[in-house]
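Asker: Chains as they are written, first to last, in our numbering: chain A, 1 to 236; chain B, 237 to 472.
Protein chains: 2
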Amino acid sequence: MNLTSVAPLMTERYRSTPELVAEVVREAILRGLLKGGEQLRQDEVAAQLGVSRIPVREGLRQLEAEGLVKFLPRRGVLVSSLSADEVQEIYEMRIPLECTALRLALPHVTDADVRRAEEILDAIDRETDLGRWGHLNDEFHAGLYVLANRPRLLALIKNLRANVGRYLRIYISLLHHKPRSQEEHRMILDAVRRHDVPAALAALERHLDVACRGLVTYLSQERDARTERSGLARSR
Amino acid sequence: MNLTSVAPLMTERYRSTPELVAEVVREAILRGLLKGGEQLRQDEVAAQLGVSRIPVREGLRQLEAEGLVKFLPRRGVLVSSLSADEVQEIYEMRIPLECTALRLALPHVTDADVRRAEEILDAIDRETDLGRWGHLNDEFHAGLYVLANRPRLLALIKNLRANVGRYLRIYISLLHHKPRSQEEHRMILDAVRRHDVPAALAALERHLDVACRGLVTYLSQERDARTERSGLARSR
DNA sequence: CGGCGGATACTCGTATACGATATGTAAATA
DNA sequence: TATTTACATATCGTATACGAGTATCCGCCG
Numbered sequence: 001m002n003l004t005s006v007a008p009l010m011t012e013r014y015r016s017t018p019e020l021v022a023e024v025v026r027e028a029i030l031r032g033l034l035k036g037g038e039q040l041r042q043d044e045v046a047a048q049l050g051v052s053r054i055p056v057r058e059g060l061r062q063l064e065a066e067g068l069v070k071f072l073p074r075r076g077v078l079v080s081s082l083s084a085d086e087v088q089e090i091y092e093m094r095i096p097l098e099c100t101a102l103r104l105a106l107p108h109v110t111d112a113d114v115r116r117a118e119e120i121l122d123a124i125d126r127e128t129d130l131g132r133w134g135h136l137n138d139e140f141h142a143g144l145y146v147l148a149n150r151p152r153l154l155a156l157i158k159n160l161r162a163n164v165g166r167y168l169r170i171y172i173s174l175l176h177h178k179p180r181s182q183e184e185h186r187m188i189l190d191a192v193r194r195h196d197v198p199a200a201l202a203a204l205e206r207h208l209d210v211a212c213r214g215l216v217t218y219l220s221q222e223r224d225a226r227t228e229r230s231g232l233a234r235s236r
Numbered sequence: 237m238n239l240t241s242v243a244p245l246m247t248e249r250y251r252s253t254p255e256l257v258a259e260v261v262r263e264a265i266l267r268g269l270l271k272g273g274e275q276l277r278q279d280e281v282a283a284q285l286g287v288s289r290i291p292v293r294e295g296l297r298q299l300e301a302e303g304l305v306k307f308l309p310r311r312g313v314l315v316s317s318l319s320a321d322e323v324q325e326i327y328e329m330r331i332p333l334e335c336t337a338l339r340l341a342l343p344h345v346t347d348a349d350v351r352r353a354e355e356i357l358d359a360i361d362r363e364t365d366l367g368r369w370g371h372l373n374d375e376f377h378a379g380l381y382v383l384a385n386r387p388r389l390l391a392l393i394k395n396l397r398a399n400v401g402r403y404l405r406i407y408i409s410l411l412h413h414k415p416r417s418q419e420e421h422r423m424i425l426d427a428v429r430r431h432d433v434p435a436a437l438a439a440l441e442r443h444l445d446v447a448c449r450g451l452v453t454y455l456s457q458e459r460d461a462r463t464e465r466s467g468l469a470r471s472r
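Encoded structure:
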């Protein structure tokens, strides 16, 4: 495990050390540097960030609450991994929540907001790096939702998005899904521009539903493949 | 601050000490033993539970993630308090989430489940203690939602309910709202018994909406009254 | 008499240290 | 040779300890 590539975050001043730990480890999980199921050794994280294990443990407790890691009694902290079912469940929450956010945001959307969103979509078209793609994707959605002026709703959506984020990135890259995703983004934005609430919500729901189905199918196949392999290995 | 009245929880064996701390403090906040804005002295909590501050801090970090307390840098932990706006926002999340849970639960509802729910409603009718009323109320709703078999959704709803729970209890007792709440519960349960999805969702949404409006009105008046008082005090 | 500055005492945040438990390895036995 | 048991090692969980920042109280000045 090597967190030095995300360590630049350290130079910024954070509210607190546990928050810094949470930020660094969260980013590492999102970028796929830390795989699901992997054990996090607290000493190692502490050493890499130049702090003791106490703030590390507190930061990890926050990530536990976010669902990104799991404390196993006396056996340390594991990076969570999501099954196809769990991904589906998260989307079942995201769809009504993100639709609520978009619905509440729509009355406040200005031309400048639409232009900013367009710029993000153009940037996504040009982007090749997966990590930055993920952030831009989040920015597009959050840029709309933030206009709803509902900080808790926004934070919750952000958290749910973070949970499926690492799988979404694999899926987008492996299935070359970017053009389709961008088409859907522009459908949403067109409806938003016209302040057409039903169309915008329908487009957003479709967008999320497509991603959900794709992800679930992909993860189910993944699991079947793994089961198959281990079955073969056992039967050798 | 005195947590001994909730300390009986200590006798049970918990997965971990931080979880025990979170449980005890959460319950104290919910019961109104700890008021919003109140500072939690870590030494004191630690002493009352017979542990050191490290597991206490970890437990409080979990409550922070749940939104029940807030870490202020170098100034310790405060019990959060919700404004009318924040309560409204939480209900704006609860309504779509709880409707989703109920919708997914409905196909799996059996006669036995309905009977169990009826028993809880009868118990609520007989209940006079506010703390137990809160738990029974949660049990009625959770008892239906759990049938959806969506653990994350259930946990999220539980957390949102916990956040408004303390205000709801005040509101219910002060405004003698129990009979109306029970009427609404029975409306929901009747629709559930008939497996009438639209009716059940509409009844649930009404139930939540009524509580939301009542709470928001109550909290706004509260705040106005406080502002008025402090204004008078200042003008003296 | 009220506002301000400094010293004291708290409380917080975290590094260190230690006991306890899980894991891996090697030896012993069936 | 496979399986089990005992031991060594590593990691965890938390108590203790200490430095640092913050609030409080008292004396001083206006």
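Cβ atoms here follow ideal geometry from the backbone N, Cα and C, with glycine treated the same way.
Alpha carbon to alpha carbon, how far is residue 306 of chain B from residue 179 of chain A?
Answerer: Between residue 306 of chain B and residue 179 of chain A, the C-alpha separation is close to 42 Å.
Asker: The alpha helix (DSSP H) spanning residue 333 of chain B covers which residue range?
Answerer: Counting along the chain, the alpha helix (DSSP H) containing residue 333 of chain B begins and ends at 320-341.
Asker: Is the Cβ of residue 34 of chain A closer than 8 Å to any Cβ of chain B?
Answerer: No, its Cβ sits nowhere closer than 8 Å to a Cβ of chain B.
Asker: Please return the same chain residues whose Cβ sits closer than 6 Å to the Cβ of residue 49 of chain A, not counting the five positions on each side in sequence.
Answerer: The answer is none, since no qualifying residue turns up.
Asker: Which residues, in order along the segment 12-28 of chain A, keep a beta-carbon less than 8 Å from a beta-carbon of chain B?
Answerer: Result list: 15, 16 and 18.
Asker: List the whole-angstrom C-beta distance separating residue 95 of chain A from residue 205 of chain A, where the pair is believed to meet the contact cut-off of C-beta under 8 Å.
Answerer: Confirmed, about 6 Å.
Asker: Please decide whether residue 39 of chain A counts as near chain B, where near means a Cβ-Cβ distance under 8 Å.
Answerer: Not one chain B Cβ lies under 8 Å of residue 39 of chain A.
Asker: Distance, Cα to Cα, residue 322 of chain B vs residue 225 of chain A?
Answerer: Cα to Cα, residue 322 of chain B sits roughly 46 Å from residue 225 of chain A.
Asker: Answer yes or no: does any C-beta atom of chain A fall closer than 8 Å to that of residue 322 of chain B?
Answerer: So yes, residue 322 of chain B belongs to the interface.
Asker: Rounded to whole angstroms, how far is the Cβ of residue 177 of chain A from the Cβ of residue 214 of chain A, which I believe are closer than 8 Å?
Answerer: Their Cβ separation, rounded to whole angstroms, is 7 Å, which keeps residue 177 of chain A and residue 214 of chain A in contact under 8 Å.
Asker: Can you name the residues that DSSP bridges to residue 303 of chain B?
Answerer: Per DSSP, none; premise fails for residue 303 of chain B.
Asker: Run through chain A and tell me which residues come within less than 9 Å of residue 386 of chain B, C-beta to C-beta.
Answerer: The contacting residues are 89, 92 and 93.
Asker: Against chain B, which members of the segment 150-164 of chain A pass a CB distance test of less than 7 Å?
Answerer: Residues passing the 7 Å Cβ filter: 150, 152, 153 and 156.
Asker: What residues from chain B crowd round residue 57 of chain A, counting only those whose CB sits closer than 7 Å?
Answerer: Per Cβ cutoff of 7 Å: 294.
Asker: If distances are taken between C-alpha atoms only, which option among B:447, B:402 and B:275 comes closest to residue 418 of chain B?
Answerer: Checking every option, the nearest Cα to that of residue 418 of chain B belongs to B:447.
Asker: Are the beta-carbon atoms of residue 189 of chain A and residue 114 of chain A separated by less than 8 Å?
Answerer: Contact: yes.
Asker: Using the beta-carbon count (16 or more within 10 Å), is residue 221 of chain A buried or exposed?
Answerer: By the 10 Å Cβ count, residue 221 of chain A comes out exposed.
Asker: Hey, is the segment 34-44 of chain A in contact with the segment 121-129 of chain A, meaning 3+ C-beta pairs nearer than 8 Å?
Answerer: Flag = no, the segment 34-44 of chain A and the segment 121-129 of chain A do not touch.
Asker: Spell out whether any CB of chain A is found under 8 Å from the CB atom of residue 402 of chain B.
Answerer: With 8 Å as the cut-off, residue 402 of chain B does not count as an interface residue toward chain A.
Asker: Give, in chain order, every residue of the segment 421-437 of chain B whose Cβ lies closer than 8 Å to some Cβ of chain A.
Answerer: Correct list: empty, as no residue qualifies.
Asker: Could you list the residues in the segment 336-360 of chain B with a C-beta less than 7 Å from some C-beta on chain A, going in chain order?
Answerer: Result list: 336.
Asker: In chain B, which residues lie less than 8 Å from residue 61 of chain A when you measure between Cβ atoms?
Answerer: What residue 61 of chain A touches in chain B: 254, 294, 297, 298 and 301.
Asker: When the Cα atoms are used, what is the spatial distance from residue 264 of chain B to residue 111 of chain A?
Answerer: Each residue's alpha carbon lies about 48 Å from the other.
Asker: Spell out the partners DSSP gives residue 76 of chain A in its beta bridges.
Answerer: Note: residue 76 of chain A sits in a beta bridge opposite A:72.
Asker: Show which residues of chain A have a CB atom less than 9 Å away from the CB atom of residue 333 of chain B.
Answerer: The contacting residues are 93, 96 and 97.
Asker: Can you tell me whether residue 40 of chain A is helix, strand or coil according to DSSP?
Answerer: Here residue 40 of chain A sits in strand by DSSP.
Asker: Can you list, in chain order, the residues of its chain whose CB lies under 6 Å from that of residue 400 of chain B, leaving out five sequence neighbours each side?
Answerer: Excluding positions up to five away in sequence, the list reads 323 and 326.
Asker: I need the straight-line Cα distance from residue 76 of chain A to residue 299 of chain B, nearest angstrom please.
Answerer: Going by the C-alpha atoms only, they are around 20 Å apart.
Asker: Since residue 301 of chain B and residue 66 of chain A should fall inside the 8 Å C-beta cutoff, what is the C-beta to C-beta distance between them, to a whole number of angstroms?
Answerer: Yes, they are in contact, since the Cβ atoms of residue 301 of chain B and residue 66 of chain A sit about 7 Å apart, within 8 Å.
Asker: Between which two residues does the alpha helix (DSSP H) containing residue 414 of chain B stretch?
Answerer: 414-429 is the span of the alpha helix (DSSP H), which, as asked, contains residue 414 of chain B.
Asker: Short of 7 Å in beta carbon distance, which residues of its chain neighbour residue 147 of chain A, apart from the five on each side in sequence? Order them along the chain.
Answerer: Cβ within range, chain order: 105, 108, 109 and 113.
Asker: Check this for me: beta carbons of residue 292 of chain B and residue 257 of chain B, under 8 Å apart or not?
Answerer: Contact flag set, yes.
Asker: Using a C-beta to C-beta distance shorter than 8 Å, which residues of chain B count as neighbours of residue 73 of chain A?
Answerer: Near residue 73 of chain A (Cβ distances below 8 Å), the residues of chain B are 251 and 252.
Asker: Do you know offhand how far residue 295 of chain B's Cα is from residue 253 of chain B's?
Answerer: About 8 Å.
Asker: Under the assumption that residue 102 of chain A contacts residue 156 of chain A (Cβ atoms under 8 Å), give the Cβ distance between them as a whole number of angstroms.
Answerer: Contact flag wrong, Cβ pair sits at about 14 Å.
Asker: Since residue 15 of chain A is in the alpha helix (DSSP H), which residue starts that stretch and which ends it?
Answerer: That residue, residue 15 of chain A, is in no alpha helix (DSSP H); it is neither H nor E in DSSP.
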